[in-house]
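First the structure, in the form of structure tokens, and then the observations on it.
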Amino acid sequence: MANNVRVRYAPSPTGHLHIGGARTALFNYLFAKRYGGKFIIRIEDTDMKRHVADAERSQLDNLRWLGIEWDESVDKDGGYGPYRSMERLHLYQPFLERLLAEGKAYPCFCSEEELLAEREAQRAAGETPRYSGKCSLLSPEERERRMAEGIPYAIRFRVPKGVELSFTDLIRGFVSFRSDDIGDFVIVKQDGAPTYNFAVTIDDMLMEISHVIRGEEHLSNTPRQLLIYRALGAKAPEFAHLPLILNQDRQKMSKRDESIIQFVEQYREMGYLPEAIINFLSLLGWSPEGEREIFSLKELEEIFSIERVSKSPAVFDTDKLAWMNNHYMKEADPALITEQALPHLVKAGYIEEPITEEKRRWVGQLVALYQEKLHYAAEIVPFTKMFFEEPSSWDDEAMEIMNGSGVREVLSSFLRKLEEEKGFTPENVKELLKEVQKETGQKGKNLFMPIRVAATGEVYGPDLNHTLSLLGRENVKKRLLASLSKTK
Ligand code: GLU
């Protein structure tokens, strides 16, 4: 690999950090780490109409939370700044002037309406809509005249005819476009803002980007960028276009599809762990040698290689993400999971603020009961509902258990034991249940199932001694009494 590897993730602040953007950032980061290069984050804010106020913060905050650190960006000058496109207008200007002076770009006075009508006519005639090149034919005098008149104009790049634009994509191999299929495109809009294709080319060039690693949706922009490099006599970077990310139905993922959670901060809010998201993202298009699937960021930094990125689309499998998160949650420090679970329990109205040490300890024990099962922290709420809400009705399976013989004896006996003023730790509960067994002669399922159903309303659940202990003596008493009144 060439020395001086410099790669960049270049989000437009038109939205929060999307799972696809995070994957692009991660692969760039890993590539930089692997080859001892620099990872840069550049904010491509040329599309002012679609600007979302909080987007830049969301991008940076969430990348940092994931552990994807950058070497240069808006908050870390590496000598190639500024790192927001709109703060770089003065840097684009000389290149624009050069292209204009050399006749490689020209002002276009066509209005939106004219362009729209032109495109519609081309579509109606079954042609691919493309700028006709009308304004490229204006005489210098005519241009002067229109400018003097104050007619608004954009600047277009003059696409040369008959040029083959090819490159070897590090993922897709040989890729080739014909310039004849590309209409003269706008490089500076009427409002003076550069377009993405122009800004990105000059920025990549001036920031000495060695490899452009980005989503496949940008593949069709690459020939335009190659044309600009060519016009400026500059060497283009290497390109690697990452495969598309499809949803579980194998459709291209749409940011508007609200049925799938697609933004990193949503996962963060639900209590996903950054390690799991990183691991999951790394496998969206890349695969290591062998069968192993669990990797830390540090490990990925050592083994990631662009050669093992596939060109076929990756499928965003939310079940796999949940499975992976469960893997990391099981291994995590219980105190961390407790901290993550607490706000969800508060939001559900299950735990009241302020969180005293006693409450924190109790929640810690509750979380410990479910840590193995949790896919993400917010799941603690449905899992633990029965601790906070009286069981309402029994399902068929529970009903059958509660109609069994000896159930009333078991419940009554346990109720009597609960009157004894002893502690109510899981060990105490175990002792009490042993006494009930002795007193009633019921054991195993016949003993535990009715008590579980009576106390929790459910047939299955975590360890009974711990569950009852956490419910507390008074709760258990109350629920047992209510259940007794419902059994024959
Ligand atoms: N600003 C572009 C985007 O958000 C990045 C394109 C590129 O990496 O060249 O999709």
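Using the numbering used here, the letters of the sequence shown correspond one by one to residues 19 to 506.
Positions of the beta carbon are idealized from the N, C-alpha and C atoms, including for glycine.
- A straight-line Cα-Cα distance of about 17 Å links residue 347 and residue 361.
- With a threshold of 16 other beta carbon atoms within 10 Å, residue 267 falls short and is exposed.
- About 5 Å separates the CB atoms of residue 303 and residue 327; that is less than 8 Å, so the two are in contact.
- Relative to ligand 1, residue 28 has its C-beta within less than 7 Å of a heavy atom.
- Taking 8 Å as the cut-off, the beta carbon of residue 169 is found closer than this to the beta carbon of residue 127.
- In this structure, residue 232 has its CB closer than 7 Å to one or more heavy atoms of ligand 1.
- By the Cβ-count criterion, residue 56 is buried, with 16 or more other Cβ atoms from all chains shown falling within 10 Å of its own Cβ.
- Non-local beta-carbon contacts of residue 113 in its own chain, meaning distances under 7 Å to residues more than five positions away in sequence, involve 220 and 250 in chain order.
- Residue side-chain check: residue 218 places its Cβ nearer than 7 Å to a non-hydrogen atom of ligand 1.
- Here residue 233 carries a strand assignment [DSSP, helix/strand/coil].
- Straight-line measurement puts the Cα of residue 92 at about 25 Å from the Cα of residue 259.
- Between the C-alpha atoms of residue 100 and residue 194 there is a straight-line separation of about 33 Å.
- A check of alpha carbon separations from residue 23 across 202, 172, 44 and 225 identifies 225 as the nearest.
- The segment 184-193 makes no contact with the segment 153-160, as fewer than three CB pairs between them are under 8 Å.
- Between ligand 1 and residue 236, a heavy atom-to-CB distance of less than 7 Å is present.
- Using a 10 angstroms sphere on the CB of residue 284, the tally of other CB atoms stays under 16, which defines it as exposed.
- Between residue 176 and residue 123, the C-beta gap is smaller than 8 Å, which places the two residues in contact.
- Beta-bridge partners of residue 304 (DSSP): 327.
- In this structure, the straight-line span from the alpha carbon of residue 31 to that of residue 179 is close to 35 Å.
- DSSP assignment within the segment 51-76 yields the following whole beta strand (DSSP E) runs of 3 residues or more, N-terminal first: 56-59.
- Across the structure, residue 320 and residue 84 are spaced so that their CA atoms are roughly 17 Å apart.
- Only residues of its own chain outside the window of five on either side were considered, and among them 298 have a CB closer than 8 Å to the CB of residue 338, listed in chain order.
- Placement of the Cβ of residue 62 at a distance of less than 7 Å from at least one heavy atom of ligand 1 is found.
- The continuous beta strand (DSSP E) containing residue 196 extends over residues 191-196.
- The segment 475-489 and the segment 446-455 touch, with no fewer than 3 CB-CB distances between them shorter than 8 Å.
- By the neighbour-count criterion, in which a residue is buried when 16 or more other Cβ atoms sit within 10 angstroms of its Cβ, residue 46 is buried.
- DSSP lists no bridge partner for residue 502.
- Per DSSP, the continuous alpha helix (DSSP H) segment holding residue 353 begins and ends at 352-365.
- Using a 10 angstroms sphere on the CB of residue 420, the tally of other CB atoms reaches 16 or more, which defines it as buried.
- Close CB contacts of residue 301 within its chain, under the 7 Å cut and outside five residues either way in sequence, are with 311 (chain order).
- Residues 42, 43, 46 and 59 of the same chain have their beta carbon placed closer than 7 Å to that of residue 27, with the five preceding and five following residues left out of the count.
- By the Cβ-count criterion, residue 478 is exposed, with fewer than 16 other Cβ atoms from all chains shown falling within 10 Å of its own Cβ.
- Secondary structure at residue 221: helix, using DSSP grouped into helix, strand and coil.
- The C-beta separation of residue 154 from residue 202 comes to about 6 Å, placing the pair in contact by the 8 Å criterion.
- Membership of residue 256 in the beta strand (DSSP E) is indicated by the continuous run 256-260.
- Contact between residue 214 and residue 174 does not hold, since their C-beta atoms are separated by about 15 Å, which reaches or exceeds 8 Å.
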